[in-house]
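The structure appears below as structure tokens.
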Amino acid sequence: MTLDRQLVVTTSPHIRSDISVKRVMIDVVVALAPTTLIGVFFFGFRSALVLAVAVISAVAAEALTQKVLKWDVTTGDYSACVTGLLLGLNLPPGVPLWLPFLGSAFAIIIAKLTFGGLGKNIFNPALAGRVMLLAAWPIAMTKGWLKPEWWRLPGFSFWTLNVADRFGVSLDVVSSATPLVKGGATPNPFTLSDLIIGRVGGCIGETSAIALLIGGAYLVYRRHIYWQLPATYIATVGFLAWIFGGEAYFAGDFLMHMFAGGLVLGAIFMATDMVTSPITIKGQTIMGIGCGLLTFLVRIKGGPPEGVSYSILIMNALTPLIDRFTIPKRFGEKKA
Numbered sequence: 001m002t003l004d005r006q007l008v009v010t011t012s013p014h015i016r017s018d019i020s021v022k023r024v025m026i027d028v029v030v031a032l033a034p035t036t037l038i039g040v041f042f043f044g045f046r047s048a049l050v051l052a053v054a055v056i057s058a059v060a061a062e063a064l065t066q067k068v069l070k071w072d073v074t075t076g077d078y079s080a081c082v083t084g085l086l087l088g089l090n091l092p093p094g095v096p097l098w099l100p101f102l103g104s105a106f107a108i109i110i111a112k113l114t115f116g117g118l119g120k121n122i123f124n125p126a127l128a129g130r131v132m133l134l135a136a137w138p139i140a141m142t143k144g145w146l147k148p149e150w151w152r153l154p155g156f157s158f159w160t161l162n163v164a165d166r167f168g169v170s171l172d173v174v175s176s177a178t179p180l181v182k183g184g185a186t187p188n189p190f191t192l193s194d195l196i197i198g199r200v201g202g203c204i205g206e207t208s209a210i211a212l213l214i215g216g217a218y219l220v221y222r223r224h225i226y227w228q229l230p231a232t233y234i235a236t237v238g239f240l241a242w243i244f245g246g247e248a249y250f251a252g253d254f255l256m257h258m259f260a261g262g263l264v265l266g267a268i269f270m271a272t273d274m275v276t277s278p279i280t281i282k283g284q285t286i287m288g289i290g291c292g293l294l295t296f297l298v299r300i301k302g303g304p305p306e307g308v309s310y311s312i313l314i315m316n317a318l319t320p321l322i323d324r325f326t327i328p329k330r331f332g333e334k335k336a
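Per the numbering used here, the sequence shown starts with residue 1, numbered consecutively.
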């Protein structure tokens with residue numbers, strides 16, 4: 001008697017998906033498209049050039065490093081493109097162009113390939129590149145703020161690339177404080193509608209909350225991320241800001257804290273990174289609460305005005321520990 005079916009012994013995972021890394025990365029680029037377009041509109045062609053340098057540098061760094069190491073070149077999966085795009089969106093629109101170049105190179109070579117490549121890095125590469133730039137060149141990283149639609153001012157145009165050199169004026173002429181800058185003597189000039197639409201100063205991709213939420217909804221629909229982590233992250237910051245963020249308890253402007261700065265961008269596109277975030281829903285909820293707590297502490301008590309990057313990187317380091325205590329035990333496994 002001949003058996004029609006054979007037993008095949010394989011290693012886990014036993015349930016596989018037809019979705020490839022390339023498909024996931026394309027979906028991330030699609031989700032970032034609204035944010036990218038709005039950022040370029042508000043901050044001019046200069047911001048598009050920053051994004052282009054960041055993406056090209058990331059792809060080139062990955063290809064050249066892998067060729068030198070005689071590894072398979074994996075730029076075709078678009079992961080380097082996503083890293084460069086995320087790094088560029090986390091930069092002010094008026095930064096010198098050598099900053100996105102160095103940041104992307106660091107993100108790919110040090111934060112990604114040093115650990116073995118995609119799937120093996122323990123920190124989000126784009127955030128690691130941004131934090132490195134902030135630590136090494138803090139002045140250059142904080143002098144590139146531009147007012148939304150600054151290119152409409154007399155003597156400027158959408159295609160202006162270098163404000164200082166072309167017109168002989170300092171970038172300070174069109175510089176703009178972001179909603180989270182500390183120590184200002186004047187009231188916050190931004191309204192909630194400005195924060196939602198994106199008509200505020202800040203990094204290229206962090207200003208428009210509505211564009212980021214549209215991209216996040218697309219990723220949830222495509223089942224690339226779970227809503228629990230970003231929702232818990234943003235809600236934790238808002239809850240703490242409501243209690244402790246004002247001149248009295250329960251008087252804080254929690255909506256400003258929830259929509260200002262890089263919180264929405266970090267919560268949706270950075271904290272949910274498949275490689276560096278916990279596997280289980282319970283673990284992602286814990287990470288969201290931890291990121292929210294750390295972000296609020298940095299904003300209120302820390303030196304930098306924004307703490308999203310640092311908070312996510314710290315929780316990245318704790319992800320293995322979170323997974324250890326939240327992953328369900330295998331069937332039949334006894335408690336130690």
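Heads up, the beta-carbon is just placed ideally off N, CA and C, and yes, glycines get one too.
query                                                                                                                                                         : result
Which residue wins for smallest C-alpha separation from residue 87, given the options 235, 198, 321, 127?                                                     : 127
With 16 as the cutoff for other CB atoms within 10 Å, does residue 141 come out buried or exposed?                                                            : buried
Assuming the contact rule is C-beta atoms closer than 8 Å, residue 319 and residue 277 should be a hit. Round their C-beta distance to whole Å, please.       : 6 Å
Helix, strand or coil for residue 115? Go by DSSP, reduced to three states.                                                                                   : helix
Reducing DSSP to helix, strand and coil, say where residue 62 ends up.                                                                                        : helix
Can you tell me the Cβ-Cβ gap for residue 40 and residue 85, rounded? I've got them flagged as a contact below 8 Å.                                           : Actually they are not in contact, since the Cβ atoms of residue 40 and residue 85 sit about 12 Å apart, beyond 8 Å.
Could you tell me the distance, in whole angstroms, from the CA atom of residue 316 to the CA atom of residue 93?                                             : 27 Å
Report the three-state DSSP secondary structure of residue 185 (helix, strand or coil).                                                                       : Only weak support exists for where residue 185 lies, its pLDDT of 39 falling under 50; the coordinates are left without a value.
Considering only their Cβ atoms, is the gap separating residue 143 from residue 76 smaller than 8 Å?                                                          : no
Helix, strand or coil for residue 120, going by three-state DSSP, please let me know.                                                                         : coil
Are residue 201 and residue 112 closer than 8 Å when you measure CB to CB?                                                                                    : no
Taking contact to mean 3 or more Cβ pairs, one atom from each stretch, closer than 8 Å, check whether the region 52-70 and the region 242-251 are in contact. : no
So, using beta-carbon positions, are residue 125 and residue 83 closer together than 8 Å?                                                                     : yes
Which residue spans inside the region 203-286 form an unbroken alpha helix (DSSP H) run of at least 4?                                                        : 209-221, 228-244, 254-259
In the structure shown, what three-state DSSP assignment does residue 156 receive?                                                                            : coil
For residue 201, which three-state DSSP category applies?                                                                                                     : coil
Would residue 296 pass as a contact of residue 195 if the rule is Cβ separation under 8 Å?                                                                    : no
Give me the Cα-Cα distance between residue 198 and residue 211, rounded to the nearest whole angstrom.                                                        : 8 Å
Taking 8 Å as the cut-off, decide whether the C-beta atoms of residue 226 and residue 291 are in contact.                                                     : no
With a Cβ-Cβ cutoff of 8 Å, do residue 222 and residue 27 count as a contact?                                                                                 : yes
Use the C-beta contact count for residue 30: other C-beta atoms within 10 angstroms, 16 or more gives buried, fewer gives exposed.                            : exposed
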